[in-house]
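Here's the structure, in structure tokens; my notes come after.
In the numbering used here, the protein residues as written are 1 to 428.
This is the structure we're talking about:
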């Protein structure tokens with residue numbers, strides 16, 4: 001279905017020439033209309049614990065452990081074509097490996113980079129935020145980087161069908177079920193773009209096991225992050241790269257699981273975003289690949305008993321003090337959108353915030369992005385392990401805002417950077 005004319009200039013070349021820059025720095029999530037919100041995750045698509053055709057609803061190691069449940073062997077078709085398979089699309093046929101890929105959320109951009117196809121990405125959500133954050137991690141991987149400058153933000157003005165036609169991508173790494181919920185989109189529009197431009201290949205609602213639109217529920221299935229990565233590896237025909245990275249992830253998960261203290265000795269923690277005097281709060285251990293960096297760490301969620309309808313809530317300082325978590329993980333703290341020094345100062349200077357144990361004990365840490373792909377997930381698992389369990393995994397070093405992921409001594413690293421770099425660059 002790619003039907004790509006190899007005589008065309010690449011989409012990346014077109015974008016560089018036209019210097020299109022989309023959107024401002026927005027740390028928000030995406031609501032049902034598909035429009036990026038300017039506040040901290042306000043109006044997210046986090047939904048309830050639906051069980052739509054889910055074979056991994058528990059959110060345990062099978063769904064985000066090492067991708068061993070992902071069938072990464074794409075089915076060969078006739079005349080050099082092949083088929084990749086994922087719900088809700090089902091079987092999707094490709095004539096050749098995509099040379100250009102439309103991406104909304106950066107987990108798919110990270111997957112493309114991990115598979116050696118980062119140059120195929122022709123769009124990404126809030127490029128400066130997403131691209132800068134991805135490169136904060138990639139700076140620790142020799143030869144790996146993501147060239148985000150000049151990429152448009154597909155949600156800067158809401159998902160626009162005209163933009164998809166203009167980009168003329170070979171694949172849309174986006175969920176057609178989610179696209180159908182955007183303003184001014186209908187099911188017919190989704191089908192039109194899939195038929196006339198390029199196929200859809202994405203799964204959004206696995207992020208939190210939210211319920212997809214009614215028209216897709218019978219065909220929907222939830223996947224873990226590394227299962228999704230395996231599916232995308234089918235699209236790019238990169239089975240060996242996927243398996244090699246999945247092996248690194250298995251080893252990292254095993255290292256973490258073997259050293260975790262008993263549950264009653266683990267700290268209480270929250271993942272929050274501080275914005276305008278309120279804390280946007282998120283669970284740590286619920287299902288969904290948006291929690292693929294916290295759930296395996298098994299910390300005691302200070303708000304575990306809160307049944308937020310959207311899996312996120314908003315609390316004030318007094319409520320936070322009542323919970324008084326040992327550790328505060330500040331979501332988006334490693335992105336350019338938040339100054340962690342300012343966040344810590346704001347907490348310390350507040351009459352109630354200064355009483356928080358995490359503030360008094362210097363255990364307010366930067367966290368990464370929920371929109372994480374496989375490489376980001378490796379670093380964010382290591383980061384969280386050190387922040388939550390310094391005695392078991394080594395101290396998290398001081399992080400300076402705007403700098404890359406901190407340099408960690410080789411004997412304290414929880415996964416092999418050189419091996420990951422060799423896999424991604426093809427020098428394995």
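Here a beta-carbon is modelled for each residue, glycine too, at the ideal position from N, C-alpha and C.
These numbers come from a predicted model, not from an experiment.
Coil, strand or helix - residue i by DSSP
i: residue 379; result: helix
i: residue 505; result: This structure cannot speak to residue 505, because the chain is shown only from 1 to 428.
i: residue 131; result: helix
i: residue 62; result: Unreliable positioning characterises residue 62 in this predicted model, as indicated by a pLDDT of 37, which lies under 50. A coordinate reading is not provided.
i: residue 194; result: helix
i: residue 414; result: coil
i: residue 328; result: strand
i: residue 300; result: strand
i: residue 164; result: helix
i: residue 82; result: strand
i: residue 393; result: helix
i: residue 401; result: coil
i: residue 185; result: coil
i: residue 180; result: coil
i: residue 388; result: helix
i: residue 333; result: coil
i: residue 93; result: strand
i: residue 421; result: helix
i: residue 271; result: strand
Cβ-Cβ separation, residue j to residue i (assumed contact under 8 Å), whole Å
i: residue 376; j: residue 205; result: About 20 Å separates the two Cβ atoms, so there is no contact after all.
i: residue 209; j: residue 288; result: 5 Å
i: residue 340; j: residue 399; result: 7 Å
i: residue 359; j: residue 348; result: 6 Å
i: residue 249; j: residue 378; result: 7 Å
i: residue 384; j: residue 290; result: No, residue 384 and residue 290 are not in contact; Cβ-Cβ is about 14 Å, not under 8 Å.
i: residue 219; j: residue 84; result: Not quite, the Cβ-Cβ distance comes to about 16 Å (not below 8 Å), so this is no contact.
Other residues of its chain near residue i: CB distance less than 6 Å, five sequence neighbours each side excluded
i: residue 178; result: 204
i: residue 144; result: 138, 421 and 424
i: residue 109; result: 103, 121 and 124
i: residue 202; result: 173, 174 and 175
Beta-carbon contacts of residue i that lie in its chain and below 8 Å, excluding the five residues immediately before and after
i: residue 263; result: 298 and 300
i: residue 402; result: 336
Contact set for residue i: own chain, Cβ-Cβ below 7 Å, skip 5 residues either direction
i: residue 197; result: 164, 165, 168 and 169
i: residue 317; result: 350, 352 and 353
i: residue 387; result: 327, 329, 365 and 396
i: residue 306; result: 313
i: residue 332; result: 27, 273, 338 and 369
i: residue 81; result: 93, 94 and 95
i: residue 419; result: 248
Residue i beta carbon near the ligand COA (any heavy atom closer than 7 Å)
i: residue 321; result: By its list of ligands, the structure shown contains no ligand whatsoever, and the ligand COA lies outside what it can speak to.
### Message
When you compare the stretch 152–163 with the stretch 89–99, are there three or more beta-carbon pairs, one atom per stretch, that lie closer than 8 Å?
### Response
no
### Query
Does the stretch 249–256 come within contact of the stretch 413–427, defined as at least 3 CB pairs closer than 8 Å?
yes
#### Entry: Stretch-stretch touch, CB-based, cutoff 8 Å, three pairs: the stretch 369–383 with the stretch 125–138
yes
### Task
Spell out a yes or no on whether the stretch 356–363 and the stretch 325–333 are touching, meaning 3 or more CB-CB pairs, one atom from each, closer than 8 Å.
Segments in contact, yes.
### Query
Counting pairs of beta carbons, one from the stretch 97–106 and one from the stretch 214–226, are three or more of them closer than 8 Å?
no
### Message
I want to know whether the stretch 142–154 touches the stretch 390–404 - three or more CB-CB distances under 8 Å.
### Response
no
### Query
Does the count of Cβ pairs from the stretch 238–245 and the stretch 107–126 closer than 8 Å reach three?
yes
### Message
Contact between the stretch 402–409 and the stretch 272–283 is defined here as three or more beta-carbon pairs at a separation below 8 Å; is this criterion met?
### Response
no
### Complete runs of the alpha helix (DSSP H) confined to the stretch 209–251 [at least 4 residues]
225–236
### Task
Any chance you could list the alpha helix (DSSP H) runs of at least 4 consecutive residues sitting entirely within the stretch 348–377, in chain order?
357–360
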